[in-house]
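In the working numbering, the protein residues as written are 5 to 270.
Note that the Cβ used here is the ideal one computed from N, Cα and C, for glycine as well.
Predicted model, so just to flag it, every value in this text is computed and none were measured.
Worksheet: one structure, shown below.
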Amino acid sequence: MNGMRKIIDCDVLIIGGGLAACMAALEAAKRGVRVVLVDKGRLGRSGSSPTSGGVPQAAFGHADPRDSKEMHFKDTVIGGEFIPHQQIVRAVVNEVTDRVVELEEIGLRFKKQENGKKFYQEKRLGSSYARSIPPMGGSVAMLGTLRKEVLNREVEVHQWTMITRLFKNGDRVSGAIGINVQNGEFSLFRAKAIVLAAGSAIALEKYTSANFLTTGDAYTAAFEAGAKLANLEFLEFTLVPAPGGLTIPMAGLSPFTSKGGRFFNA
5 MNGMRKIIDC DVLIIGGGLA ACMAALEAAK RGVRVVLVDK GRLGRSGSSP TSGGVPQAAF
65 GHADPRDSKE MHFKDTVIGG EFIPHQQIVR AVVNEVTDRV VELEEIGLRF KKQENGKKFY
125 QEKRLGSSYA RSIPPMGGSV AMLGTLRKEV LNREVEVHQW TMITRLFKNG DRVSGAIGIN
185 VQNGEFSLFR AKAIVLAAGS AIALEKYTSA NFLTTGDAYT AAFEAGAKLA NLEFLEFTLV
245 PAPGGLTIPM AGLSPFTSKG GRFFNA
């Protein structure tokens with residue numbers, strides 16, 4: 005095993021490379037501080053975010069003026085059987101409209117109504133009103149836009165680097181140790197502040213919608229550093245059809261069969 009090859013000092017260390025990590029890096033970069041982002045995979049392609057669909061819910065009320073942030077809050081809390089942490093829910097519903105606008109400002113295109121000014125919004129599970137805002141190109145386009153913006157903001161990015169441990173100076177976490185998963189080299193990151201945004205641990209499950217890199221590394225590192233963890237029974241879940249057969253007709257198949265063609269499952 006190779007020894008320690010790099011020592012990197014920064015003001016803010018972001019651990020992760022998905023939607024939350026990229027947004028945290030952009031926000032920190034606005035403050036004019038030195039930001040370092042560490043991703044176990046390729047920035048914008050690892051973890052859960054690229055396969056999430058990338059459809060935010062935001063109570064703009066463009067589809068139905070009766071919608072509001074308060075209704076968004078109630079739908080989330082009631083839909084979650086009052087289990088969600090209500091302070092966090094309140095913060096999310098209050099912030100998400102501004103974050104959607106910010107994403108649009110940095111280049112992500114969302115579906116719009118015919119006038120081109122208001123967002124096109126869809127009604128999905130758990131919503132009293134049409135609130136979902138589909139981005140053009142889905143989550144892949146969203147993460148591609150964020151990757152480009154992170155690099156443009158001169159955030160120092162270390163890809164293919166897995167954080168294995170946080171270290172402390174007294175009672176304060178002051179850095180992290182990472183290993184490059186491609187060449188085995190270790191790096192020491194020293195930071196004034198650290199943001200853990202490395203996703204969930206759904207690789208524990210038999211069937212997952214994210215890629216294999218979502219293995220709960222940040223959970224382990226935080227726990228070993230003394231952090232208190234909660235609600236770990238809720239890893240990350242998506243409603244999908246059960247495996248077992250074709251549930252949606254293939255696009256373009258009807259015109260083919262209407263002309264006498266035959267379809268074989270090869």
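Check: Excluding five sequence neighbours on each side, which residues of the same chain lie with their C-beta closer than 7 angstroms to the C-beta of G142?
Finding: G57 and G58
Check: What residues in its chain sit with their C-beta under 8 angstroms from that of E153, if we drop five residues either side in the sequence?
Finding: C26, L30, I110 and G111
Item checked: DSSP-derived helix/strand/coil call for A2 -> As shown, the chain starts at 5 and ends at 270. That puts residue 2 outside it, with no answer to give.
Checklist line | Nearest candidate by alpha-carbon position, reference V40, set S53, V16, G48 and A145 | finding: Measuring from the Cα of V40, the nearest candidate turns out to be V16.
Check: Of all the options I18, G21, V42 and I12, which has the alpha carbon lying nearest to the alpha carbon of T165?
Finding: V42
Notebook entry, point to check: So what's R94 in DSSP terms, helix, strand or just coil?
Noted result: helix
Next item on the list: Can you grab the Cα-Cα spacing for the pair G174 / L47, in whole Å?
Entry: 32 angstroms
Note to self: Applying the 10 Å Cβ sphere with the 16-neighbour rule, what's the burial state of Q90?
What the structure shows: exposed
Notebook entry, point to check: Taking one C-beta from the region 181-199 and one from the region 125-142 each time, how about it: are there three or more such pairs within less than 8 angstroms?
Noted result: no
Next item on the list: Taking only the alpha-carbon atoms, compute the straight-line gap between D4 and I19 and give it to the nearest angstrom.
Entry: The requested residue 4 is not part of the displayed model; the chain covers only 5 to 270.
Checklist line | DSSP three-state assignment for F86, whether helix, strand or coil | finding: coil
Next item on the list: Rank D102, S178 and G36 by C-alpha distance to the C-alpha of D13 and give the top, closest one.
Entry: S178
Next item on the list: Compute the distance between the beta-carbons of A201 and Y223, then report whether it is under 7 angstroms.
Entry: no
Next item on the list: Report the option in I183, R157 and K121 whose CA atom is closest to the CA atom of K34.
Entry: R157
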